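S.K.:
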Amino acid sequence: ETEFLCAVLRPGDVFVDVGANIGYFSLLASRLVGASGSVLAFEPERDNYRLLEANCRLNDCANIRCFEAALGEENASGTLYLNELNRGDHSLYPEQAGRAGQDISIVNGSRLIGASHPRVDCIKIDTQGAECDVVAGLRELIAASAAGLVMIIEFSPLHLRQAGTSGRVLLDLLADHDWRMYLMDEAAQGLLPVSAQQVRSLSDITEQDPHSGGFFNLVVTGRPLEDNPALRFVRDWGMYDNALAYYLLAGRMQPWNGDECAGGQLENRLYMPSGWAFPEDWGRWSLGRRSLIKFIPAPGLARLAAPRLSIRGRYFGPVEATGVYLNGRHLGDFELLDASIPLPPQALQGEHSVLELVHAQPLRPADVSDSADSREIKFGLESIAIGS
4 ETEFLCAVLR PGDVFVDVGA NIGYFSLLAS RLVGASGSVL AFEPERDNYR
54 LLEANCRLND CANIRCFEAA LGEENASGTL YLNELNRGDH SLYPEQAGRA
104 GQDISIVNGS RLIGASHPRV DCIKIDTQGA ECDVVAGLRE LIAASAAGLV
154 MIIEFSPLHL RQAGTSGRVL LDLLADHDWR MYLMDEAAQG LLPVSAQQVR
204 SLSDITEQDP HSGGFFNLVV TGRPLEDNPA LRFVRDWGMY DNALAYYLLA
254 GRMQPWNGDE CAGGQLENRL YMPSGWAFPE DWGRWSLGRR SLIKFIPAPG
304 LARLAAPRLS IRGRYFGPVE ATGVYLNGRH LGDFELLDAS IPLPPQALQG
354 EHSVLELVHA QPLRPADVSD SADSREIKFG LESIAIGS
């Protein structure tokens, strides 16, 4: 976030810091926008606000205006629930009962900010679940600023659930404009361009786990950022099919040394992007005529003198010979009940490998039995390994 703000803020810009805490980003922005620019910092918690003001004085930041208030859809009073162990985790929507509360003021951001700044250049929102309230109150200001606006919004499924809302609701509040969106990829230290639909899918995925405390930082902007030479972008997804798969998997997918992957362990080392049904305890059924498996070969695999691919599984209906391809090369047709397939020399020396299984006659269980299962299945993968 620090590098991003240094890259996008310019002298004369107006920066809005919603959830300013003690002022780290406000002070940074103050230096970047200079005397001709403005910073508006909102922090509702009393002690944090005092430290925010003190930091502004100590650093001689005359271009910062501090507001002891939270932003919301309407002007109101409210209760901020405190986390004494983490002064950055105070929330209008408490995670658990028993937190001490503090009376605070809530103000409509469009009316307050718009009175002095009809348009702004950058908004940072980190409010522990109140992001929907904040954006709802900023909609008029966002609309007026949209063409040149850059927003950084923290998506936290845990805090959004506590607020009785969701990432989809937040995205719906932003749906009036044709935004460009980017995920901050901490591992790659760059921005990952994504579509609004991919962000919706990512939000859904992170919210499926009721205990998830994970979050992601989303950049929403009305102007393309690719022409900014100070920013880095993730443009190579490697073996992943799209930006969302890259974001979710690249950080946790480790190189595979060929050890047996079986049953529920298949996803630990293998990326199975298409042609597979949902995992079951024993493994996965193929779907349709083609099933892909991608993986990152560990260095040891490339050094095997006579590598062999071992596949064990089951068939729905008659056993057939399954076409097996590695990196586009046809290895042959094999019955994969318990197969050991020789691999060409140097077949596993690339950054990633693609294994494709081609099924001649997939069947629908509903067509051959009383089952209501209409999936086209054929081969059930139980285990896979590479050795010599």
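Quick note on the working numbering: the sequence shown kicks off at 4 and runs consecutively. Yeah, the Cβ is synthetic: ideal placement off N, Cα and C, and Gly gets one too. Treat the numbers as computed from the prediction; the structure is a model and nothing was measured.
Considering Cys64, what are the terminal residues of the alpha helix (DSSP H) in which it resides?
M.R.: Position 61 of the sequence shown holds residue 64. Note, Cys64: premise wrong, no alpha helix (DSSP H); not H, not E.
S.K.: Who are the near neighbours of Asp129 in its chain, counting only those whose CB is closer than 6 Å to its CB and skipping five residues on each side?
M.R.: In the sequence shown, the residue the question calls residue 129 occupies position 126. Only Gly22, Glu157 meet the Cβ criterion.
S.K.: For Glu210, I'd like the list of residues in its chain whose CB is within less than 8 Å of its CB, leaving aside the five on either flank, ordered along the chain.
M.R.: On the sequence shown, residue 210 is found 207 positions in, with the first residue counted as 1. Here the set comprises Pro160, Leu163, Arg164, Ser169, Gly170.
S.K.: How about Phe33 and Cys9: are their beta carbons less than 9 Å apart?
M.R.: Residue 33 sits at position 30 when you count from the first residue of the sequence shown. Residue 9 sits at position 6 when you count from the first residue of the sequence shown. Checking the displayed sequence, the identity of residue 33 turns out to be Ser instead of Phe. Cβ atoms of Ser33 and Cys9: not closer than 9 Å.
S.K.: Just tell me which of Ala309, Gly132, Pro348 has its CA closest to the CA of Gly167.
M.R.: The residue given as residue 167 occupies position 164 in the sequence shown. Ranking Ala309, Gly132, Pro348 by Cα distance to Gly167 puts Gly132 first.
S.K.: For a minimum of 4 consecutive residues, which ranges assigned as the alpha helix (DSSP H) are wholly contained in the stretch 278-324?
M.R.: 302-305
S.K.: Rounded to whole angstroms, what's the CA-CA distance from Gly383 to Leu339? Just pull it up for me.
M.R.: Stepping through the sequence shown from its first residue, residue 383 is reached at position 380. Stepping through the sequence shown from its first residue, residue 339 is reached at position 336. Spanning the two alpha carbons is a distance of roughly 9 Å.
S.K.: Would a C-beta distance cut-off of 9 Å place Ser386 and Ser294 closer than the cut-off?
M.R.: Along the sequence shown, read from residue 1 onward, the residue named residue 386 stands at position 383. Along the sequence shown, read from residue 1 onward, the residue named residue 294 stands at position 291. No.
S.K.: What residues in its chain sit with their C-beta under 7 Å from that of Val223, if we drop five residues either side in the sequence?
M.R.: Your numbering for residue 223 matches position 220 in the sequence shown. Same-chain partners within the cutoff: Met154, Ile156, Leu177, Trp182, Met184.
S.K.: Taking all protein chains shown into account, do 16 or more other C-beta atoms lie within 10 angstroms of the C-beta of Val138, making it buried, or fewer, making it exposed?
M.R.: One-based indexing of the sequence shown puts residue 138 at position 135. Looking at its Cβ environment, which holds 16 or more other Cβ atoms inside 10 Å, Val138 is buried.
S.K.: First and last residue of the alpha helix (DSSP H) that includes Glu270?
M.R.: Position 267 of the sequence shown, counted from the start, is the residue given in the question as residue 270. Following the DSSP letters along the chain, one finds Glu270 inside the alpha helix (DSSP H) bounded by residues 269-272.
S.K.: Could you spell out where the beta strand (DSSP E) holding Leu384 opens and where it closes?
M.R.: What you label residue 384 is simply residue 381 of the sequence shown in a count that begins at 1. Run containing Leu384: 382-390, per the beta strand (DSSP E) assignment.
S.K.: Are there three or more Cβ pairs, one per stretch, closer than 8 Å when the stretch 48-56 is compared with the stretch 25-39?
M.R.: Touching, yes, given that three or more Cβ pairs across the two stretches are closer than 8 Å.
S.K.: If you drop the 5 nearest sequence neighbours on each side, which residues of the same chain put their C-beta closer than 6 Å to that of Ile126?
M.R.: The residue you call residue 126 lines up with position 123 of the sequence shown. Contacts found: Val19, Met154.
S.K.: What would DSSP say about Gly26, mapped onto helix, strand or coil?
M.R.: On the sequence shown, position 23 is the one that residue 26 refers to. Note: Gly26 maps to coil in three-state DSSP.
S.K.: When burial is assigned at 16 or more other CB atoms within 10 Å of the CB, is Val322 buried or exposed?
M.R.: The residue given as residue 322 occupies position 319 in the sequence shown. The residue in question, Val322, is exposed, as its Cβ has fewer than 16 Cβ neighbours within 10 Å.
S.K.: With burial defined as no fewer than 16 other Cβ atoms inside 10 Å of the residue's Cβ, what is the status of His333: buried or exposed?
M.R.: The residue you call residue 333 lines up with position 330 of the sequence shown. Under this definition His333 is an exposed residue.
S.K.: Mapping DSSP to helix, strand and coil, what is Arg332?
M.R.: Here residue 332 refers to the residue found at position 329 when the sequence shown is read from its first residue. In the structure shown, Arg332 sits in a strand (DSSP, three-state: E or B).
S.K.: By DSSP, does Gly75 sit in helix, in strand, or in coil?
M.R.: What you label residue 75 is simply residue 72 of the sequence shown in a count that begins at 1. If DSSP states are grouped into helix, strand and coil, Gly75 belongs with the strands.
S.K.: Taking its Cβ as the centre, do 16 or more other Cβ atoms sit within 10 Å of Gly278, making it buried, or is it exposed?
M.R.: Stepping through the sequence shown from its first residue, residue 278 is reached at position 275. Classification for Gly278: buried.
S.K.: Which same chain residues end up closer than 8 Å to Arg203 when comparing Cβ atoms and leaving out the 5 residues on each side of it in sequence?
M.R.: On the sequence shown, position 200 is the one that residue 203 refers to. The answer, listed in chain order, is Gly170, Arg171, Leu174.
S.K.: Does Asp129 come within less than 9 Å of chain B when only Cβ atoms are used?
M.R.: Absent here is chain B; the protein component of the structure consists of one chain.
S.K.: Short of 6 Å in beta carbon distance, which residues of its chain neighbour Gly326, apart from the five on each side in sequence? Order them along the chain.
M.R.: Stepping through the sequence shown from its first residue, residue 326 is reached at position 323. Excluding positions up to five away in sequence, the list reads Asp336, Val361.
S.K.: With respect to 8 Å, is the separation between the Cβ of Val327 and the closest non-hydrogen atom of the ligand GTP below this value?
M.R.: Summarising the ligand content, the structure contains no ligands, and the ligand GTP is consequently not present.
S.K.: In terms of residues, what are the limits of the alpha helix (DSSP H) holding Thr209?
M.R.: The sequence position of residue 209 within the sequence shown is 206, counting from 1. Where Thr209 is concerned, the enclosing alpha helix (DSSP H) stretches over 199-211.
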